[in-house]
Amino acid sequence: MEQLTNLIISDRELASISAVLLKLMNDTNATSAMLLDKSGQVVAVQGTGTRRNATTLGALLAGVFSSSREVAKLLDEKDFRNIFQQGVQENIYTTMVEEQWLLVIIFDKLTHIGLVKVLSKKSSDELGRTLERVRSDTTRTKSSVLNLQFRSSVEDTIDLLFRD
Amino acid sequence: MALINIATHEIHCKIVYYGIGYCGKTTNLQHVHRSIHPNARGDMLSIATETERTLFFDFLPLDLGTVHGFRTRFHLYTVPGQILYERTRLAVLNGADGIVFVADSQAEKFEENVQSIAELDMNMRRIGKDLMTFPLVMQWNKRDMPNVLPVPVLERYLNRRRVPSFEAVASDGRGVFATLRTISKNVMAQL
Ligand SMILES: Nc1nc2c(ncn2[C@@H]2O[C@H](COP(=O)(O)OP(=O)(O)OP(=O)(O)O)[C@@H](O)[C@H]2O)c(=O)[nH]1
Ligand SMILES: [Mg+2]
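Encoded structure:
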């Protein structure tokens, strides 16, 4: 069971994720590229348009993706790994990175979807390798961040903020 | 699954409010949104039907600010409680770090609550988690109604695991923050 495991992203991994997103964005001429965790949390963003709304976008896009996978299961469709949302101005293409992350590309009508599909597949493979590294490197970095001091300060902050 | 971003110094955790239709999940988030310090919250997003029933989810991002160099964030979600939306609940549960089960204390809702707990247990297994060891807090809501069951009865049938529980009147804000404090601490303790 995948119980109570956290994903810990180091400087090095974030730099390589950002580089992949930037390259994908430039090569497809997209407006932005995002990497989301399947829980809806934003791992990294490139591009100007989305940054301000990134948190809300992340929650919505992950929700849409997750529910479309449930639709697929009901139809006995096993491999439902991408969705394409087509607008008048903006288009959104979302694809899975293994079973953990979602790669989201936002682009306008000047970019062809075929290019986005092909290049995002490549980027998704690269991000999959980063994910492997993130998964294999767990407890060591964690203990140094989440020390006792941190834990007791978080509890104090919770008591301070979460009250009427 | 919590996300700890060493590079950007951020920690993100996801908390999901689960329970039957009309039990007061959205009301919990609305109270938090209304009462918490504005700096500590983002905009609340509700995807609801025209009659204010949750259709997809509510979403409220909370920000504890920087604690020991780490920006700590809790993302609160509610599921849609109506029977019809079972698969949507499963989709929203994905990636949760903690769960608040909101029970409607009214006697006539008892059976539905029991079924909802059983469904939650099954849904957790579907996403590869075990509810018996997962961060979980119970909220006995609508304590202001005339026909509520006594708390010991709710405890016996809905809280076999004996996790922390709180009486609440979410529409007046009673018990809302006590519930949130406890689940937040439980989630942090599991990191
Ligand atoms: N009397 C009373 N009413 C409450 C309480 N908590 C919530 N309500 C009311 O119950 C109704 C339903 O509350 P919601 O928060 O929308 O319920 P929900 O659980 O989000 O319902 P779904 O979205 O359908 O799953 C609203 O009219 C609330 O004002 C309570 O403690 N006491
Ligand atoms: Mg609701």
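In order, the protein sequences belong to chains A and B.
Read in order, the letters of the first sequence correspond to residues 1 to 164 in UniProt numbering.
Read in order, the letters of the second sequence correspond to residues 1 to 191 in UniProt numbering.
Where is the CB? At the ideal position from N, CA and C, for every residue including glycine.
- Message: I want to verify the contact list: residues of chain B whose CB lies under 7 Å from the CB of ASP164/A, in sequence order.
- Response: SER35, GLY173, PHE177
- DSSP three-state assignment for LEU3/B, whether helix, strand or coil: strand
- Leaving out five residues on either side along the sequence, give the residues of the same chain with a beta carbon under 6 Å from the beta carbon of ILE4/B. Apart from the 5 residues on each side of it in sequence, ILE4/B sits with its Cβ closer than 6 Å to the Cβ of ILE11 in its chain, given in chain order.
- Query: Which value, in whole angstroms, describes the spacing of the CA atoms of ALA118/B and LEU103/A?
  - Reply: ALA118/B and LEU103/A have their C-alpha atoms spaced approximately 34 Å apart.
- Sorry if obvious, but does the Cβ on residue 195/B come closer than 7 Å to a heavy atom of ligand 2? Absent from the structure is residue 195/B, since the part of chain B shown begins at 1 and ends at 191.
- Of all Cβ atoms in chain A, is any one closer than 8 Å to the Cβ of LYS185/B? Nearest CB-CB separation between LYS185/B and chain A: below the 8 Å threshold.
- Message: Judging by CA-CA distance, which residue of THR8/B, PRO152/B, LYS129/B, ALA168/B is the nearest neighbour of ARG162/B?
- Response: PRO152/B
- Item | Residue of ASN39/B, ASN94/B, ALA103/B minimising C-alpha distance to PHE57/B | ASN94/B
- Task: Could you check what DSSP says for GLN100/A in three-state terms: helix, strand or coil?
- Result: coil
- Task: Identify the contact partners of ASN82/A in chain B, using a Cβ-Cβ distance below 9 Å as the criterion.
- Result: By Cβ distance, chain B contributes nothing, its closest Cβ being about 17 Å from ASN82/A, past 9 Å.
- Quick one: complete alpha helix (DSSP H) runs, 4+ long, within the segment 69-142 of chain A? Those alpha helix (DSSP H) runs which fall completely within the segment 69-142 of chain A and span 4+ residues are 113-136.
- Inspect the beta-carbon positions of ALA54/A and VAL45/A and report whether they are closer than 8 Å. Going by C-beta atoms, ALA54/A is nearer than 8 Å to VAL45/A.
- So does THR54/B have its beta carbon nearer than 7 Å to some heavy atom of ligand 2? yes
- Query: How would you call MET132/B, buried or exposed, if buried means at least 16 neighbouring beta carbons within 10 angstroms?
  - Reply: Label assigned to MET132/B: exposed.
- Closest by CA to MET122/B, which one among PRO146/B, LEU149/B, GLN106/B, ARG87/B? Among PRO146/B, LEU149/B, GLN106/B, ARG87/B, the Cα nearest to that of MET122/B is on ARG87/B.
- Query: Candidates ARG52/A, TRP101/A, MET25/A: which alpha carbon is nearest LEU7/A's?
  - Reply: TRP101/A
- Query: Which runs of the alpha helix (DSSP H) fall wholly inside the segment 34-99 of chain B and span at least 4 residues, in chain order?
  - Reply: 86-93
- Item | Inter-residue Cα distance where the pair is GLU155/A and LYS185/B | 6 Å
- So ASP37/A is in the beta strand (DSSP E); what residue range does that whole segment cover? It spans 32-37 - the beta strand (DSSP E) in which ASP37/A sits, taken as one unbroken run.
- Item | Within chain A, partners of ASP43/B - CB distance below 8 Å | THR56
- Of all the options MET96/A, ILE158/A, LEU75/A, ILE113/A, which has the alpha carbon lying nearest to the alpha carbon of GLU126/A? In terms of Cα proximity to GLU126/A, the closest of MET96/A, ILE158/A, LEU75/A, ILE113/A is MET96/A.
- Message: So, for SER66/A: in the same chain, excluding its five sequence neighbours on each side, which residues have a beta-carbon less than 8 Å away from its beta-carbon?
- Response: LYS38
- Query: Taking any Cβ of chain A, which residues in the segment 141-171 of chain B have a Cβ under 9 Å from it, in chain order?
  - Reply: none
- Query: Quick one: does the C-beta of LYS109/B sit closer than 7 Å to a heavy atom of ligand 1?
  - Reply: no
- Local conformation of GLN41/A per DSSP, three classes: coil
- Message: By alpha-carbon positions, which one of PHE74/B, ILE83/B, ASP43/B, ASP172/B ends up nearest to ILE15/B?
- Response: Among PHE74/B, ILE83/B, ASP43/B, ASP172/B, the Cα nearest to that of ILE15/B is on PHE74/B.
- Closer than 9 Å by beta-carbon distance: list the chain A residues that pair up with GLY98/B, in chain order. Going along chain A, no residue has its Cβ under 9 Å from GLY98/B, so there is no contact; the nearest lies around 11 Å.
- Say yes only if the C-beta of GLY19/B is nearer than 7 Å to one or more non-hydrogen atoms of ligand 1, and no if none qualify. yes
- Under 8 Å by Cβ, that's how I've got VAL32/B and VAL169/B pegged, so tell me the actual separation to the nearest angstrom. Their Cβ separation, rounded to whole angstroms, is 15 Å, which puts VAL32/B and VAL169/B out of contact at 8 Å.
- Task: For chain B, find out if any of its Cβ atoms is closer than 8 Å to the Cβ of THR157/A; answer yes or no.
- Result: yes
- Just the C-alpha distance for GLN139/B and PRO61/B, rounded to the nearest angstrom, thanks. 21 Å
- Message: My parser needs the alpha helix (DSSP H) runs of 4 or more residues fully inside the segment 91-177 of chain B; what are they?
- Response: Those alpha helix (DSSP H) runs which fall completely within the segment 91-177 of chain B and span 4+ residues are 110-126, 151-158.
- Task: Please confirm if the segment 94-103 of chain B is in contact with the segment 15-26 of chain B, defined as three or more CB-CB distances below 8 Å between the two stretches.
- Result: yes
- Residue from LEU45/B, ILE183/B, GLN115/B, LEU120/B with nearest C-alpha to THR26/B: It is LEU45/B whose Cα lies nearest to the Cα of THR26/B.
- Limits of the unbroken beta strand (DSSP E) element including ILE9/A: 7-9
- Query: Which of the three DSSP states, helix, strand or coil, is assigned to ILE20/B?
  - Reply: In the three-state scheme derived from DSSP, where H, G and I count as helix and E and B as strand, ILE20/B is classed as coil.
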